[in-house]
Structure formats: C-alpha cells, structure tokens
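Peer 1: Residue numbers (our numbering): -5 to 189. Beta carbons: idealized from backbone N, C-alpha and C, even for Gly. Take a look at this one; I'll ask things after.
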Amino acid sequence: MTKKNVPLILASSSPRRRELLQTLGLSFTVITSDVDETTAGHLSASEVVEELSLRKAKEVASRLTEGVVLGSDTVVVLDGQILGKPVDEMDAYRMLSMLQGQEHTVYSGVALIDVETGRAEVSHSLTDVRIRALTEQEIKSYIATGEPMDKAGSYAIQGIGATIVEGITGDYFTVVGLPLGLTSALLTRFGMPIL
C-alpha cells in the first residue's frame, strides 16, 4: 500500500537530521520529541539507539492522528563505553581525549511508526571511525568552536571535526546521525519509497 500522501514527521530537533532528510527530496514536518534519554545500563549500543529512536517516534506519534513518524538516535562507543552528547566543555574534553588516536564505532538507530495502524519498525547502522592523535591545544581549540557540544562523542564529521578524522569504515551518514540507506529502506517498507 502506497502512503505517499501521508505526512512524514521527523521526531528530532537535530538540524543535521533535518538536512539529511531533505537530501532525499521528501517533504516532512519537524516535531521535537520530549523523552527521557536515559536507558538501562545493561543494554548494548545497538539496543540503546533502537530503544531511544523508537521512544522518540512513539512520543511524537502519541500526539498525532495521522502520519508516519521517524525517530533517530546516535551514540559513539569506545572500548565498550557508550559516549553520548557532552554535558559541558570538560566532558567534551574528556571524550575527545579518549577518542584521539583510537578507532571507535558510531551507532545510529532509525524507527518508523505509522500513527494510524500503530505499525512500528526499528533498526540501526554502525560505522567505525578513526580519530587522529590530537594535542591538548587542538582539543581545546576544537571545543572553543562550540561544535562538539551537541554531538555524540563530541565531534561532527560533517564540520570542523572532519579535520580530526583519519578515516571511516562504513556509512558516512550513520556518523552524521541519520543513515540514509537504512532510512530509505524503512520508508519503502512503509509504502513511502524514495525512488
């Protein structure tokens, strides 16, 4: 069943997710989700991003009578430790100090909910990222740009943070925060094909 005329709602305040969804040529509205982003400590990174993506989509869907709601979440994982967004500059410094000279994995979850039927699907994508060795001054200078403050792992691969990335293995858009291939596949399953 085609749902092309059904509204698509992005349950996120992230300007990056908004920009990425726009690249797919879709019309959509943005309704920011209001959810507690704490999760049980025993969950794996993939379970965390899937749970939070679904939680965000469900919260927004509960306020609507129609449409398909898209929720997404991203975390960075280094040596089994999940790194979300920094709480302050000291936290950003701590994260970047840990990540520098290391390879880590970025997980991004995507959830879709059809408001009318209640049908929900969620999945995730992961990408390995290597951050080059950084000096203390480079870390402080990067933090001073303000860019790390609302990013999982305290860096933005699509911004100035690109200068600290040595390489990636996997999907670039997963690192930015919305894996477009996965998003397209889920939308197709919901009757909203991109192509």
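Determine the closest residue to Pro9 out of Ile107, Thr26, Leu128 and Leu181, with distance taken between C-alpha atoms.
Peer 2: Selected option, being the one with the closest Cα: Thr26.
Peer 1: Does the structure place the stretch 84 to 94 close enough to the stretch 119 to 135 that three or more beta carbon pairs sit under 8 Å?
Peer 2: The stretch 119 to 135, when compared against the stretch 84 to 94, does touch it at the 8 Å Cβ threshold.
Peer 1: If you drop the 5 nearest sequence neighbours on each side, which residues of the same chain put their C-beta closer than 6 Å to that of Ser178?
Peer 2: Answer for Ser178: Ile188, listed in chain order.
Peer 1: Out of curiosity, what's the CA-to-CA distance linking Ser21 and Tyr149?
Peer 2: So the two alpha carbons sit approximately 28 Å from each other.
Peer 1: Where Ala194 and Leu58 are concerned, what is the direct C-alpha to C-alpha distance, given to the nearest angstrom?
Peer 2: Residue 194 is absent from the model: the chain starts at -5 and stops at 189.
Peer 1: Should Gly78 be listed as close to the ligand FAD, given that the test is whether its C-beta is under 7 Å from any heavy atom?
Peer 2: With respect to the ligand FAD, the structure shown offers nothing to examine, as it has no ligands at all.
Peer 1: Could you have a look at Ala55 and say whether DSSP puts it in helix, strand or coil?
Peer 2: Here Ala55 sits in helix by DSSP.
Peer 1: Near Gly175, what residues of its chain come up, given a Cβ to Cβ distance below 7 Å and the 5 sequence neighbours on each side ignored?
Peer 2: Result list for Gly175: Asp165, in chain order.
Peer 1: May I ask you to report which of helix, strand or coil DSSP gives Thr32?
Peer 2: Note: Thr32 maps to coil in three-state DSSP.
Peer 1: In whole angstroms, give me the CA-to-CA distance for Thr121 and Phe184.
Peer 2: Taking the straight line joining both Cα atoms gives about 25 Å.
Peer 1: Find the nearest neighbour of Glu45 within the set Ser56, Ala55, Glu31 and Val54, judged by alpha-carbon distance.
Peer 2: Out of Ser56, Ala55, Glu31 and Val54, Glu31 has the C-alpha closest to the C-alpha of Glu45.
Peer 1: Using C-beta distances below 8 Å, list every residue in its chain close to Glu60, excluding the 5 sequence neighbours before and after it, in chain order.
Peer 2: Contacts found: Val0, Pro1, Val109 and Glu110.
Peer 1: Looking at the unbroken alpha helix (DSSP H) that takes in Asp85, where does it start and where does it end?
Peer 2: Unbroken alpha helix (DSSP H) run through Asp85: Glu83 to Leu93.
Peer 1: Compute the beta-carbon to beta-carbon distance between Val169 and Val123, rounded to the nearest angstrom, for a pair I have assumed lies under 8 Å.
Peer 2: That pair is a contact at about 6 Å.
Peer 1: Kindly indicate the opening and closing residues of the alpha helix (DSSP H) around Gln16.
Peer 2: Looking at the DSSP string, the run of the alpha helix (DSSP H) that includes Gln16 is Pro9 to Thr17.
Peer 1: I need the DSSP call for Ala5, collapsed to helix, strand or coil.
Peer 2: Reduced to three states, the DSSP call for Ala5 is coil.
Peer 1: Residues in its own chain within less than 6 Å of Gly161 by CB, not counting five upstream and five downstream?
Peer 2: Excluding sequence neighbours, Gly161 sits near Arg124.
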